[in-house]
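K.L.:
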Amino acid sequence: MKIGVLEGDDIGREVVPQAVKVMQTAATKSGLSIEWMPLPIGRLAYETFGHTLPPGTLEKLEALDGWVLGPIGHQAYPKEPNAINPHPILRKHFDLYANIRPAKSYPGLPSLHKDVDLVIVRENNEGFQPDRNVVAGCGEFRPSHDMTISVRVITRQGSSKVARAAFELARSRRRKLTAVHKDTVFKLGCGMFAEECRKLADEFPDVEYGEAIVDTFALRLVMAPQKYDVIVTTNMFGDILSDEAAGLVGGLGLAPGLCAGPRHAMAQATHGSAPDIAGRNIANPYAMIMSGQMLLDWLGRTRNEPRAVDAAKRIERAVERIIAEGAMLTADIGGQATTTQMGAAIVAMIDAAQ
Ligand code: ATP
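In the numbering used here, the protein residues as written are 3 to 356.
This is the structure in structure tokens:
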């Protein structure tokens with residue numbers, strides 16, 4: 003496997019190295035060889051090469067199977083053309099249309115709810131996000147000083163692709179899929195999204211299919227998240243609901259994610275670059291490590307490589323045990339360990355396993 007490493011900004015430079023160590027240890031145990039390709043991105047790339055996404059990066063990524071992307075602190079970039087936010091470009095360029103964001107509670111961790119195990123599959127490249135829903139210009143504009151117009155893009159193809167990814171995921175889990183939209187008001191946009199989901203429901207008769215209106219769903223998610231398995235929704239609803247789901251199970255430090263496309267996938271945690279805690283070795287590496295775990299699992303299944311699936315399982319088991327033991331957890335989830343200590347404990351647990 004050829005896997006890129008793009009550390010990103012702030013806590014990205016602390017949690018990505020932990021994810022890579024964990025992935026490498028699990029791969030070695032499973033007999034999987036990984037060729038790592040570190041690539042500069044973000045503020046450090048800007049300071050060294052003059053671009054937050056240096057020229058040639060997309061071509062190098064094209065030749066890889068996937069990559070690990072740390073969080074990007076683009077809000078703090080200088081306002082100039084070479085200091086762009088790179089991750090929407092990566093998502094768009096590689097057609098990473100499905101953003102898969104699990105939320106799982108652990109018995110040993112403080113959380114608002116127990117027994118939660120759900121996955122939000124968020125459409126990743128259209129919807130309301132103005133930096134990626136058009137090929138040129140911007141999906142948000144201001145015709146006059148007192149008026150702003152935001153354009154939301156919904157296509158049949160985009161909706162159908164993400165719905166298929168969600169049905170397939172549901173089939174590999176508890177076989178239950180909920181499509182979340184608001185076609186009662188957005189009759190055309192959400193209506194088209196819902197139509198495409200319903201068309202696929204006929205193709206997946208073994209998956210129990212249901213729909214929920216987004217506001218009602220937000221309420222039910224807070225009250226009874228245990229009822230849900232896989233959820234598919236449009237870009238902005240998914241962005242909001244996945245943070246809400248992370249909040250139900252212990253916070254953003256516990257929210258991994260994968261952006262998957264037809265040929266590549268990118269491990270990218272749900273959280274941002276958290277400048278408020280950067281440089282202190284206290285960020286929770288769980289989200290980034292489990293994003294890497296998801297990447298290995300995805301690569302294993304799409305490349306028909308059982309050793310990658312096995313490596314992913316090793317990571318999952320080791321993380322579960324470290325959480326159950328409770329001695330090596332970061333402060334956000336009730337422990338006192340540093341980022342590096344928690345990462346090292348997971349590495350040691352994988353090493354010690356059969
Ligand atoms: P973005 O808009 O880029 O997603 P954000 O505004 O949601 O970013 P984050 O950077 O995700 O903000 O941080 C939100 C809060 O969550 C901060 O207080 C931060 O310290 C905390 N946080 C985020 N990630 C982690 C982590 N891995 N470990 C511990 N705390 C985290």
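Every residue, glycine too, gets a C-beta built ideally from N, C-alpha and C.
Note down, in chain order, each residue of its chain lying with its Cβ closer than 7 Å to the Cβ of residue 318, except the 5 sequence neighbours on either side.
P.N.:
295
K.L.:
Would you decide whether residue 20 is buried or exposed? Buried here means 16 or more other CB atoms lie within 10 Å of its CB.
P.N.:
buried
K.L.:
Which residue or residues does DSSP assign as beta-bridge partners of residue 152?
P.N.:
142
K.L.:
May I ask whether a heavy atom of ligand 1 can be found less than 7 Å away from the beta carbon of residue 114?
P.N.:
no
K.L.:
Does the stretch 68-79 touch the stretch 94-113, meaning 3 or more C-beta pairs lie closer than 8 Å?
P.N.:
no
K.L.:
Indicate whether residue 13 and residue 279 have their beta-carbon atoms separated by less than 8 Å.
P.N.:
yes
K.L.:
Is the separation between the beta-carbon of residue 120 and that of residue 91 shorter than 8 Å?
P.N.:
no
K.L.:
When we look at the beta-carbon of residue 134 and count the other beta-carbons within 10 Å, is it buried (16 or more) or exposed?
P.N.:
Residue burial annotation: residue 134 is buried, with at least 16 other C-beta atoms found within 10 angstroms of its C-beta.
K.L.:
Return yes when the Cβ of residue 316 is within less than 8 Å of the Cβ of residue 348, no when it is not.
P.N.:
For the 8 Å CB-CB criterion, residue 348 and residue 316 do not form a contact.
K.L.:
Pick helix, strand or coil for residue 76, following the three-state DSSP scheme.
P.N.:
Here residue 76 sits in helix by DSSP.
K.L.:
Compute the Euclidean distance between the alpha carbons of residue 244 and residue 350, then round it to the nearest angstrom.
P.N.:
31 Å
K.L.:
So if DSSP puts residue 119 in a beta bridge, which residue, or which two residues, is it bridged to?
P.N.:
106
K.L.:
For residue 347, which of helix, strand or coil comes out of DSSP?
P.N.:
helix
K.L.:
Determine which residues share a DSSP beta bridge with residue 40 and list them.
P.N.:
7
K.L.:
Is the distance from the Cβ of residue 168 to the Cβ of residue 231 below 8 Å?
P.N.:
Contact: no.
K.L.:
Going by other Cβ atoms of all chains shown within 10 Å of its Cβ, with 16 needed for buried, is residue 184 buried or exposed?
P.N.:
By the neighbour-count rule (16 or more Cβ atoms within 10 Å), residue 184 is buried.
K.L.:
Going by C-alpha distance, which of 8, 159, 227, 142 is nearest residue 151?
P.N.:
142
K.L.:
Should the stretch 280-288 be called in touch with the stretch 79-89, which here means at least 3 C-beta pairs below 8 Å?
P.N.:
no
K.L.:
For my contact list, residue 39 and residue 131 are in at a C-beta cut-off of 8 Å; report their separation, rounded to the angstrom.
P.N.:
So it is not a contact: roughly 28 Å between Cβ atoms.
K.L.:
Taking Cβ to Cβ, would you say residue 205 is nearer than 8 Å to residue 160?
P.N.:
no
K.L.:
Between 138, 188, 265, which lies nearest to residue 156 when the distance is taken from Cα to Cα?
P.N.:
188
K.L.:
Could you tell me which residues DSSP puts in a beta bridge with residue 318?
P.N.:
Residue 318 is not bridged to any residue.
K.L.:
Using CA atoms only, rank isn't needed, just tell me which of 200, 41, 229 is closest to residue 62.
P.N.:
41
K.L.:
Regarding residue 273 and ligand 1, is the C-beta to nearest heavy atom distance less than 7 Å?
P.N.:
yes
K.L.:
Measuring alpha carbon to alpha carbon, tell me which residue in 11, 251, 180 is nearest residue 334.
P.N.:
Taking only the C-alpha atoms, the option nearest residue 334 is 251.
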